[in-house]
Every structure is written in structure tokens, then in C-alpha cells.
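Down below is the structure, laid out as C-alpha cells.
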Amino acid sequence: MAGLNRNPEAAGLKWLRRRPGPRSLHPVNRKMSDEAPTGARIADGVTAFLGSWRFIVIQTVIVLVWIAGNIVLLFDFDPFPFILLNLAFSTQAAYAAPLILLAGNRAALRDRLTLEHAAEEADIEEKQNVELLEGNKALDESNAKILKQVESLEQRILELESSILGRLDKLDPKDRA
Numbered sequence: 011m012a013g014l015n016r017n018p019e020a021a022g023l024k025w026l027r028r029r030p031g032p033r034s035l036h037p038v039n040r041k042m043s044d045e046a047p048t049g050a051r052i053a054d055g056v057t058a059f060l061g062s063w064r065f066i067v068i069q070t071v072i073v074l075v076w077i078a079g080n081i082v083l084l085f086d087f088d089p090f091p092f093i094l095l096n097l098a099f100s101t102q103a104a105y106a107a108p109l110i111l112l113a114g115n116r117a118a119l120r121d122r123l124t125l126e127h128a129a130e131e132a133d134i135e136e137k138q139n140v141e142l143l144e145g146n147k148a149l150d151e152s153n154a155k156i157l158k159q160v161e162s163l164e165q166r167i168l169e170l171e172s173s174i175l176g177r178l179d180k181l182d183p184k185d186r187a
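Mind the numbering: the sequence shown is residues 11 to 187 in this note's numbering, read in order.
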């Protein structure tokens with residue numbers, strides 16, 4: 011028992027091994043897909059298949075062949091009340107229900123993680139917006155100071171111009187030319 015190696019490669023289950031691929035960019039996808047345990051990935055895959063039109067079509071064809079083959083006596087291993095077919099459906103439901111619940115729980119967890127991540131991102135954006143508003147407020151104050159200085163300079167220029175014009179008016183007309 012001690013010499014048993016329980017990894018998928020040693021057990022001949024190479025198809026269970028995670029396939030290398032590009033890592034997800036979003037942290038929730040990384041946690042829920044890239045880092046998901048094997049059982050969770052199997053449950054997600056099975057429930058994705060069980061909830062597809064492909065599964066419905068395949069199951070419908072199998073049931074029709076089963077019923078037609080037993081009615082026409084091609085098979086004759088499950089006569090009319092189709093007890094074996096009912097047993098197959100019950101077994102399928104017994105395995106499908108927990109897998110669907112597991113996938114539903116994982117979907118709820120993924121939704122919660124996505125909402126938490128979105129809330130964190132919104133908090134970061136709100137903090138950045140507050141910083142930008144504070145920066146804009148400081149710029150507005152600085153611009154107001156500069157505007158006051160420009161106005162005082164304009165006033166000083168007007169005073170100098172009127173002073174120069176007043177002195178020019180006092181000069182003798184002969185000295186102006």
C-alpha cells in the first residue's frame with residue numbers, strides 16, 4: 011500500500027491531467043478554472059454537457075432506439091414496461107443531481123468572487139476619483155491665485171499707461187516730436 015502512487019499519470023488516467031494552456035487574466039477565472047481541483051472540473055464539464063442540446067438529442071435517439079428495438083423485438087431484453095430503461099434513467103438522475111448541485115455551488119461561489127472583485131475594483135476607482143478631484147481642486151486654487159496675479163499685473167499696466175499718458179500730455183508740444 012505504501013508503494014502506491016496516486017497521481018493520475020501513474021494510474022493511467024492521463025486524460026484527467028490539467029492541460030497546459032494560457033492562464034486566465036481575471037483573478038476569479040484563475041481561481042475557479044485554472045486552479046480548480048479535478049473533481050470540480052469534471053463536475054463542470056459533465057453539467058455543461060447535461061445542460062446542452064447535444065445531450066438532449068443523443069439521449070432522445072438512444073431512448074427511441076431502445077424502445078423501438080424492444081417493441082419490434084430486435085433486442086427483446088427490456089419488454090414493454092421498460093423497467094431497465096427506467097433503472098437507467100434513475101441511475102443517471104442519481105449521478106446527475108449531485109453533479110448539478112456541485113456545479114451550481116461553484117457557480118454561486120464564482121458569482122460571489124466576481125462581485126467581491128468588482129467591489130474591490132470599484133473601491134480602487136473611487137479612491138482614484140477622489141484623488142483626482144482633490145488634485146483638480148488644488149489646480150483650481152492655483153489657477154485662481156494666478157488669475158489674481160494676472161489681474162493685478164493688468165491693473166498695474168493700466169496705471170503705468172495712464173501715468174505715461176499723463177506725463178506725455180504735460181510735455182510741451184515741441185518736445186513731443
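Think of the CB as a built atom: it goes at the ideal place given N, C-alpha and C, for glycine as much as any other residue.
Looking only at its own chain, which residues have a Cβ that is under 8 Å from the Cβ of residue i, when we skip the five neighbours before and after it?
i	result
E169	none
Go through its chain and collect everything with a Cβ distance to residue i's Cβ below 7 Å, but skip five positions before and after it.
i	result
S43	S34
P37	H127
F85	G79
From residue i to residue j, what does the alpha carbon distance come to, in whole angstroms?
i	j	result
I167	L175	12 Å
A58	A129	28 Å
D121	R51	17 Å
L181	E171	15 Å
V73	A107	20 Å
N193	N146	Within the shown structure, residues of the chain are numbered from 11 to 187, placing residue 193 beyond reach of any answer.
How close, in whole Å, do the beta carbons of residue i and residue j come, if the pair is a contact with beta carbons under 8 Å?
i	j	result
N80	F92	7 Å
L60	W76	Not a contact, Cβ separation roughly 19 Å.
A113	A53	5 Å
Under three-state DSSP, which class holds residue i?
i	result
H36	coil
G61	coil
F99	helix
D88	coil
Can you check whether the C-beta of residue i is within less than 7 Å of a C-beta belonging to chain C?
i	result
V75	The displayed structure is made up of one protein chain only, and chain C is not part of it.
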